[in-house]
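Trainee:
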Amino acid sequence: MAEGKSSFIFYTDWYETFKNLPKDKGYDLLIHVLAYVNDENPETEDPIINAVFPLIKNTLKRDLKKWDNYIGKQRENGKKGGRPKKPKEPIKPKPYLENPTEPKKADSVSVNVTVNVTEIGADPNTQQFYDMLVPEIIEVWIRENPGYHLNKTLDYHAALKISYQIAQIKKWKKADVLEEKKDECVIAWVKIAKFIMSNSWFSKMTLDSIAGDKIWQKIVVEMASNKNGNGKMEDADYMVKAREDYLKNRQ
């Protein structure tokens, strides 16, 4: 342990390592880790501890190096007189902070997005459907989450990925979401977006984060276990309502 350092990070992903060990070996490994961080240079002839501990040790050494670098920078700053003084003129707040009671207006979703549809096995004549699909996915999200600040660079790609993930759930081909399944894809997304916004954790995420594999999987699992969903994305009453909302907003 470095001088002046009285704690270390015990990572949650180590849980599986300890969990899969016999209880006595798990205890021995924990004592070995604590001895190491207290600079006791522990040694053991136990083959299990010798096989597992180096992985933990490498992580602890990386953390210690980060700590040493941090302390080094702090010392350098101290030699220069400490933290730089604040500027005399206050920095003008960004526009969206000037009136926190009014959410920032979302970017327009009318920007054209292009892709070579032949690269994903779709009919070249379906380009117009792609040009409509992604903006509609975005439009649904903005409608359900009015205060959302759109990042076109990330969110348009996320919208396309979401449509493909819906296709995977529905057991469609990717090209289907650009053709005859386009409307069904958007309607399914209406339901998912409503569920996301009803969840205090998911609703705070960006569209790009939602499209990530791990988060998307969590959303699907939560929806499947939700009593209103009955374990099915095709829940009849909800899908009828989602379809009505979708068609109404298209008019």
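Under the numbering used here, the first residue of the sequence shown carries the number 1467, and numbering increases by one thereafter. Even glycine gets a Cβ: it sits at the ideal position worked out from N, Cα and C. Note that the coordinates shown come from a computational prediction; the quantities given were computed from them, not determined experimentally.
1) Is the beta carbon of Lys-1627 sitting closer than 8 Å to the one on Ala-1677?
2) DSSP state of Phe-1474, grouped into three classes?
3) Taking just the CA atoms, how far does Phe-1519 sit from Leu-1620?
4) Mapping the DSSP letters down to three states, classify Ser-1675 as helix, strand or coil.
5) For Lys-1727, I'd like the list of residues in its chain whose CB is within less than 8 Å of its CB, leaving aside the five on either flank, ordered along the chain.
6) Look at the Cβ atom of Ile-1603, then the Cβ atom of Leu-1616, and state whether they are nearer than 8 Å.
7) Using CA coordinates, which residue listed in Lys-1640, Glu-1482, Asp-1642 and Lys-1684 is at the minimum distance from Asn-1665?
8) Alpha carbon to alpha carbon, how far is Glu-1650 from Thr-1478?
9) In terms of alpha-carbon separation, which member of Leu-1521, Asn-1524, His-1498 and Val-1503 lies closest to Ile-1512?
10) Mapping the DSSP letters down to three states, classify Asp-1505 as helix, strand or coil.
11) Using only alpha-carbon positions, find the residue among Asn-1486, Leu-1496 and Val-1503 that is nearest to Ser-1472.
12) Grouping DSSP H, G and I as helix and E and B as strand, with all else coil, what is Asn-1578?
13) Any idea if Gln-1631 is buried or exposed, counting beta-carbon neighbours within 10 angstroms, 16 or more meaning buried?
14) Which same chain residues, not among the five before or five after Val-1686, have their C-beta less than 6 Å away from its C-beta?
15) Within 10 Å of its beta-carbon, does Asn-1524 have 16 or more other beta-carbons around it, so buried, or fewer, so exposed?
16) Just the Cα atoms here: how many angstroms apart are Phe-1474 and Leu-1521?
Mentor: Answer, in terms of the structure:
1) Less than 8 Å divides the Cβ of Lys-1627 from the Cβ of Ala-1677.
2) In this structure, Phe-1474 counts as coil in the three-state DSSP scheme.
3) If I take the Cα positions, the gap works out to 39 Å.
4) Ser-1675 falls in the helix class under three-state DSSP.
5) Residue 1727 is absent from the structure shown; the chain starts at 1467 and stops at 1717.
6) One thing to note: Ile-1603 has its Cβ no nearer than 8 Å to the Cβ of Leu-1616.
7) Ranking the options by Cα distance to Asn-1665, first place goes to Lys-1684.
8) One C-alpha to the other measures close to 40 Å.
9) The residue asked about is misnamed: residue 1512 is Asp in this sequence, not Ile. Answer by Cα proximity: His-1498.
10) Here Asp-1505 sits in coil by DSSP.
11) Among Asn-1486, Leu-1496 and Val-1503, the Cα nearest to that of Ser-1472 belongs to Val-1503.
12) Only weak support exists for where Asn-1578 lies, its pLDDT of 46 falling under 50; the value from the coordinates is given anyway. The answer is coil: DSSP assigns Asn-1578 none of H, G, I, E or B.
13) That one is buried.
14) None.
15) Exposed, because fewer than 16 other Cβ atoms sit within 10 Å of the Cβ of Asn-1524.
16) Just so you know, the alpha carbons of Phe-1474 and Leu-1521 end up roughly 15 Å apart.
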